[in-house]
Amino acid sequence: MTTVTKSATRKLTIARAMAEATAQEMRADPRVFVMGEDVGPLGGVFGNTRGLFDEFGAERVRDTPISETAFIGAAVGAASDGMRPIVELMFVDFFGVCMDAIYNLMAKNTYFSGGKVKVPMVLMTSTGGGYSDAGQHSQCLYGTFAHLPGMKVVVPSNAFDAKGLMTAAIRDDNPVVFMYHKALQGMGWLGTEKGATVPVPEESYSVEIGRAAVVREGHDVTLVSLGVGVHHCLRAAKALEEEGFSAEVVDLRSLVPLDRDSVRASVAKTGRLIVVDEDYHSYGVSGEIIASAAEHADCRLKAAPKRVTYPDIPIPFAPTMEQWALPNADKVVAAFHQMMRES
Amino acid sequence: MQPTADQRRWMYRHMVLSRYLEERIEALYMEGKTPVFNMAKGPIPGEMHLSNGQEPCAVGVCAHLTADDIVTATHRPHHIAVAKGVDLDAMVAEIFGKASGLSGGRGGHMHLFDAAVNFSCSGIIGEGLGPAVGAALSRKLQGKPGVAVAFMGEGAANQGAFHEALNLAAVWQLPVVFVIEDNAWGISVAKQASTAVPRNDLRAAAYGIPGHHVADNDVEGVFAAAGEAIARAREGQGPSLIEIETARLAGHFMGDGEDYRPKGEKEGLQARDPIPRYRQALLDAGVLDEAGDVALVAEAHARVEAAIRFAQQSEFLPPEAALEQVFVESGEQQ
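So the sequence lines, in the order shown, correspond to chains A and B.
Counting in the working numbering, the first sequence runs from 1 upward without gaps.
Counting in the working numbering, the second sequence runs from 1001 upward without gaps.
Written out as structure tokens, the structure reads:
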């Protein structure tokens, strides 16, 4: 695991950072190749394979038919035969047409083979809404993927982590689901979150999968999130600071493995916990994080934990309804105030 | 394409080996499950799908393959595993769930993986097709020789995975052969009630690839069709589809009452059992003599008995080993 200490001044979007990590790994390792819908000359509809086709050509950057069952199944076969495919499921919402290849093959073949068959592949997939693409193109489904054993799951919130996690994912001998939030990609048409575009070193480096990051230190409350939610938390922390409260923000970065220790350490320090998750409210990441803290003896909570999540409804089309339903910084601040009133 | 005398004996020997393995598994499976059938009881718990009657499909195809070629098989995998050269001791031990099994008992009879001979199978209909296409793509990208063969039942040809995999393999001209074992029954539903075309090999036309049809569970017919398809794949001419009319002599799974079968069908199938037929053909052709047959059968039985003893004498992994092998240790490039 490379540790990058060198300061970088060049800023990249997450999309560019993903493509750069992929290109560097493809140069270093002929077994790495990319396939999926529109990953070739178009460069991926979310920009994360831009430039790869020009450098590596149609053999190693393969446009596929719109046929996820076949090409994700094929990625499993290629990975089991010694290649290191990176395959794109364009929208995570499309998992329904190919979940068998993902959770019955990709995630289980290592177990079924007693560890003798490796499935070193990366499944990239976009998550998230906020731009009125409605209920079949806007979900997060973090909990769905993290719930099923056998695949690692990462969710970066900024370009530095995205590059390092992508490098780590490609090098990992296990299947890794790389979930990138559309609002963080740096695509203007998706309502870009500026905080995701950060300095990224040019050299190759990796960020360890399974290690959360404390992205802001504080002592009154722990705000735990992932992906775009981290930016909501940072904004909320800033607002709370103006009111005289100090919030610590934990960016999970990885759902599998889940860094419960970092969450517990933070909650043990602050005694208060709010989880922010754009995935559905019930049975998801928020419940898992709260349970992880609550079941641990060191996490003595001063107040009942709160969650700011997406309600258990399909994602509506009309901007008024969708924006009303999505988590945001104001809701995080409100949750904190309610917590303080209740305790 | 005609098999040599050695290839004929090889095919017959592996049919006998597979059949005797099935007979022994059948007997062992029922231990502890009577008088009340309880799937979880006995030395071999869980579902059991026997492949007796379908041996010609396995040997006719695998006669053209080496350990380096890739096979993805189905939930009814034993005959194919035997013909592909899967380690018999480890395979039987896996069926018993033992530590010495292919995965130490984590997979069981529907999830046999032997990386040494590039064999895998799965419990979901049509699931092996995508991986076979991907393995073929891998060989093409690496410039390495080898073909992939995806076995499936005729019911799988109605799965989306079938159409997607054939299309992808044809678009990319990959060295993969799709083999349909048409035993006429998808669990309890007859082929004519589930499939709009009488022969699935006709569907090859939809993907611009050759389709082969083998009638009457004919071992050498399978050998000929597979030989042609595999040669095309090896020469870089892309995928092919083969449908073989075969016979499921047992039920879908052990414990299946088979009430759905028309009266007399099973007896008819048993009268057309491919193994005695092939034995007679080889005797008639002078490729096999009575003494040679007796010795070959005895050797197959001894091999199976040794594998069963090995499995029976093996231990189970400690239960907490269930927690291991979810992920492999990352050793490369770290």
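Even for Gly, the Cβ is constructed at its ideal location relative to N, Cα and C.
If you're wondering where the values come from, they're calculated on a predicted model, not measured in any experiment.
{"Asked": "Alpha-carbon to alpha-carbon, residue 300 of chain A and residue 294 of chain A", "Found": "8 Å"}
{"Asked": "Proximity of residue 88 of chain A and residue 141 of chain A at Cβ, strictly below 9 Å", "Found": "no"}
{"Asked": "Extent of the continuous beta strand (DSSP E) to which residue 181 of chain A belongs", "Found": "176-181"}
{"Asked": "Straight-line gap, residue 177 of chain A to residue 1290 of chain B (C-alpha atoms, nearest Å)", "Found": "59 Å"}
{"Asked": "8 Å Cβ cut-off: residues of chain B touching residue 105 of chain A", "Found": "1122, 1127, 1130, 1131"}
{"Asked": "Reference residue 1288 of chain B, options B/1001, B/1013, B/1002, closest by Cα", "Found": "B/1013"}
{"Asked": "CB of residue 86 of chain A within 9 Å of CB of residue 151 of chain A, strictly", "Found": "no"}
{"Asked": "Proximity to residue 1201 of chain B [Cα-Cα], best of B/1158, B/1044, B/1234, B/1100", "Found": "B/1158"}
{"Asked": "Contact list for the stretch 1137-1149 of chain B against chain A, Cβ threshold 8 Å", "Found": "1137, 1138, 1139, 1141, 1142, 1148"}
{"Asked": "Through-space distance from residue 1231 of chain B to residue 289 of chain A, alpha-carbon basis", "Found": "56 Å"}
{"Asked": "Start-end ranges of the beta strand (DSSP E) lying completely within the stretch 1155-1185 of chain B, minimum 3 residues", "Found": "1176-1182"}
{"Asked": "Chain-order list of residues whose beta-carbon lies under 8 Å from that of residue 303 of chain A (same chain, five-residue window excluded)", "Found": "271, 272, 339, 340, 342, 343"}
{"Asked": "Length-filtered (3 minimum) beta strand (DSSP E) runs lying within the stretch 1088-1140 of chain B", "Found": "1119-1121"}
{"Asked": "CB contact check: residue 82 of chain A to chain B, cutoff 9 Å", "Found": "yes"}
{"Asked": "Rounded straight-line distance, which links the Cα of residue 223 of chain A to that of residue 247 of chain A", "Found": "7 Å"}
{"Asked": "Contacts around residue 1310 of chain B, its chain only, beta-carbon distance under 8 Å, and the 5 residues preceding and following it disregarded", "Found": "1089, 1092, 1093, 1100"}
{"Asked": "Complete runs of the beta strand (DSSP E) confined to the stretch 234-300 of chain A [at least 3 residues]", "Found": "247-251, 254-256, 273-280"}
{"Asked": "Beta bridge counterpart(s) of residue 154 of chain A as assigned by DSSP", "Found": "A/178, A/254"}
{"Asked": "Proximity test, Cβ basis, 9 Å: residue 1324 of chain B and chain A", "Found": "yes"}
{"Asked": "Inter-stretch contact at 8 Å, needing at least 3 Cβ pairs: the stretch 17-26 of chain A / the stretch 147-164 of chain A", "Found": "yes"}
{"Asked": "Through-space distance from residue 73 of chain A to residue 1334 of chain B, alpha-carbon basis", "Found": "Only weak support is given to the placement of residue 1334 of chain B: the predicted model assigns it a pLDDT of 34, under 50, and the value that follows is read from those uncertain coordinates. So the alpha carbons of these two residues sit roughly 26 Å apart."}
{"Asked": "The stretch 1229-1248 of chain B touching the stretch 1018-1036 of chain B, judged by at least three CB pairs closer than 8 Å", "Found": "no"}
{"Asked": "Boundaries (first-last residue) of the alpha helix (DSSP H) holding residue 163 of chain A", "Found": "159-171"}
{"Asked": "Neighbour-count burial assignment, residue 1366 of chain B, 16 or more Cβ in a 10 Å radius", "Found": "Residue 1366 of chain B cannot be examined here, being either before or after the span of chain B that is shown, 1001 to 1334."}
{"Asked": "Cβ shell of residue 1221 of chain B (< 6 Å), same chain only, five flanking positions each side left out", "Found": "1214"}
{"Asked": "8 Å CB neighbourhood of residue 219 of chain A in its chain, flanking five on each side removed", "Found": "246, 248, 269, 270"}
{"Asked": "Per-residue DSSP class, three states only, for residue 1213 of chain B", "Found": "strand"}
{"Asked": "Through-space distance from residue 226 of chain A to residue 310 of chain A, alpha-carbon basis", "Found": "13 Å"}
{"Asked": "Contact set for residue 1055 of chain B: own chain, Cβ-Cβ below 7 Å, skip 5 residues either direction", "Found": "1015, 1018, 1019, 1079, 1274, 1275"}
{"Asked": "Reference residue 43 of chain A; option with closest CA among A/23, A/31, A/204, A/103", "Found": "A/23"}
{"Asked": "For residue 306 of chain A, the residue or residues it bridges with in DSSP", "Found": "A/274"}
{"Asked": "Within chain B, the residues that residue 344 of chain A reaches when beta carbons sit closer than 8 Å", "Found": "Residue 344 of chain A is absent from the model: chain A starts at 1 and stops at 343."}
{"Asked": "Endpoints, beta strand (DSSP E) assigned at residue 215 of chain A", "Found": "213-216"}
{"Asked": "Collapsed DSSP secondary structure at residue 1019 of chain B in the structure displayed", "Found": "helix"}
{"Asked": "9 Å Cβ cutoff met for residue 1170 of chain B and residue 1136 of chain B", "Found": "no"}
{"Asked": "Chain-ordered neighbours of residue 72 of chain A on chain B, where CB pairs are closer than 8 Å", "Found": "1130"}
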